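Asks: One structure, pasted below without further comment.
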Amino acid sequence: MEEHVLICEDSMEGILTGIYEAYQFKKDKGIASHDAIHLAVREPDQCRFFTEYHKIETVHTKAEKVTQTIAKQLGAESWHRLSMAMVSGHEDKADAVYHTIVMGLSMHDKKITDRLQEDCVHRTFECARSSENELCHFKQFLRFSELQNGMLYAKMNAKHHILPFLMPHFADRLPAENFVIYDENTQIFGLHAKYKKWYLLQGEKLDEKQLVYSEVEQMYQKLFQQFCDSIAIEARINPNLQMNMLPLRFRSNMTEFQIPQE
């Protein structure tokens, strides 16, 4: 059986557009089953025999139609889990989400994401769990610093594209603050103006050398670093337990792990 792989953009809109095009492709080509169609977020290093590859351009209106269909027919809970899977960093996420949606719509099952005995659903669950775990970590570990102009600035290095789900959390907690969250891995900014809606900005470069912290911020950073150092009990230091509770990759942008400046 000849297979078809639709290569879409690695974003929620890109994957949703790919799902729309997959249904249309199946209809236009008269393909008997969705099993012969797959989604991917990048071109393969090595092409497979008896497989055709098609590039898909992201179209907002098509992605919106799929979003509305999923929300209406599969419900908010399934939509949330599918969304978290789509923003994960796993390369096979698009295909898992696509076939999970196909199964859910064909069965009219709003609990489709609970059918973990199905391979595609189980993989979707794993992708969503990875994103949700990291989102939970950054809600706790993200550190804001006050700049000289009064704006709050935070930098993160997420494995998954969770910034769109992180921004509402801090917008709700800090409604009266102007703040920016910068994801250095995806090079995307989350911007929030006080008492206004937040939005994302991509394609701009950040020169951290131009960031000037306020004098109060510098003082509190130094005090916090000294406090964390002074409360440590050398005889009870347990590096393995510390890494279980706070993995090393989160520490590069945390105030308490920076070297105090004299």
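Sequential numbering of the sequence shown, starting at 10, is according to the working numbering.
All residues carry an ideal CB built from backbone N, CA and C; glycine is no exception.
Only a predicted model underlies this, so the values are computations on that prediction, with no experimental measurement involved.
1. Hey, could you find the ends of the beta strand (DSSP E) aspartate 192 is sitting in?
2. Which runs of the beta strand (DSSP E) spanning at least 3 residues fall entirely within the stretch 153 to 182, listed in chain order?
3. Expressed to the nearest angstrom, what Euclidean distance is found between the alpha-carbon atoms of alanine 185 and proline 177?
4. Where tyrosine 191 and tyrosine 162 are concerned, what is the direct C-alpha to C-alpha distance, given to the nearest angstrom?
5. What distance in whole Å lies between the Cβ atoms of leucine 200 and tryptophan 207, which are believed to be in contact at a cut-off of 8 Å?
6. Can you give me the Cβ contacts of lysine 36 inside the same chain, cut-off strictly under 7 Å, excluding the 5 residues immediately before and after it?
7. With DSSP as the reference, label glutamine 55 as helix, strand or coil.
8. So the beta strand (DSSP E) alanine 49 belongs to, where does it begin and stop?
9. Within the continuous alpha helix (DSSP H) that includes glutamine 9, where are the two ends?
10. If you run the structure through DSSP and keep just helix, strand and coil, what is histidine 13?
11. Just list the alpha helix (DSSP H) runs in the stretch 100 to 124, keeping only unbroken ones of 4 residues or longer that don't cross its boundaries, in chain order.
12. What's the call for threonine 26, buried or exposed, on a 16-neighbour Cβ count within 10 Å?
13. Nearest CA to the CA of asparagine 158: which residue from Lys164, Phe188, Arg124?
Replies: On the basis of the supplied data:
1. For the purposes of this step, residue 192 is taken as the residue at position 183 of the sequence shown. For aspartate 192, the uninterrupted beta strand (DSSP E) run begins and ends at 188 to 192, by DSSP.
2. Look at the stretch 153 to 182 and you find these whole runs of beta strand (DSSP E), each 3 residues long or longer: 161 to 165.
3. Start at 1 with the first residue of the sequence shown, and residue 185 comes out as number 176. Start at 1 with the first residue of the sequence shown, and residue 177 comes out as number 168. Take the alpha-carbon of alanine 185 and the one of proline 177: they are about 14 Å apart.
4. Counting from 1 along the sequence shown, the entry for residue 191 is found at position 182. Counting from 1 along the sequence shown, the entry for residue 162 is found at position 153. Their Cα atoms are separated by approximately 8 Å.
5. Position 198 of the sequence shown holds residue 207. Position 191 of the sequence shown holds residue 200. Their Cβ separation, rounded to whole angstroms, is 6 Å, which keeps tryptophan 207 and leucine 200 in contact under 8 Å.
6. On the sequence shown, residue 36 is found 27 positions in, with the first residue counted as 1. For lysine 36, there are no CB contacts under 7 Å within the same chain when 5 residues up- and downstream are skipped.
7. Looking up residue 55 in the sequence shown gives position 46. For glutamine 55, the three-state secondary structure derived from DSSP is coil.
8. By 1-based counting over the sequence shown, the position of residue 49 is 40. Taken as a continuous stretch (DSSP letters only), the beta strand (DSSP E) holding alanine 49 covers 46 to 49.
9. Because the chain in this structure spans residues 10 to 271, residue 9 falls outside the shown range and cannot be described.
10. Mapped onto the sequence shown, residue 13 falls at position 4. It is a strand residue.
11. Every alpha helix (DSSP H) of 4 residues or more that sits fully in the stretch 100 to 124 is shown, in chain order, as 102 to 116.
12. Here residue 26 refers to the residue found at position 17 of the sequence shown. Answer is buried; the Cβ neighbour count reaches 16.
13. As a position in the sequence shown, residue 158 is number 149, starting the count at 1. Of the listed residues, the one whose Cα sits closest to asparagine 158 is Phe188.
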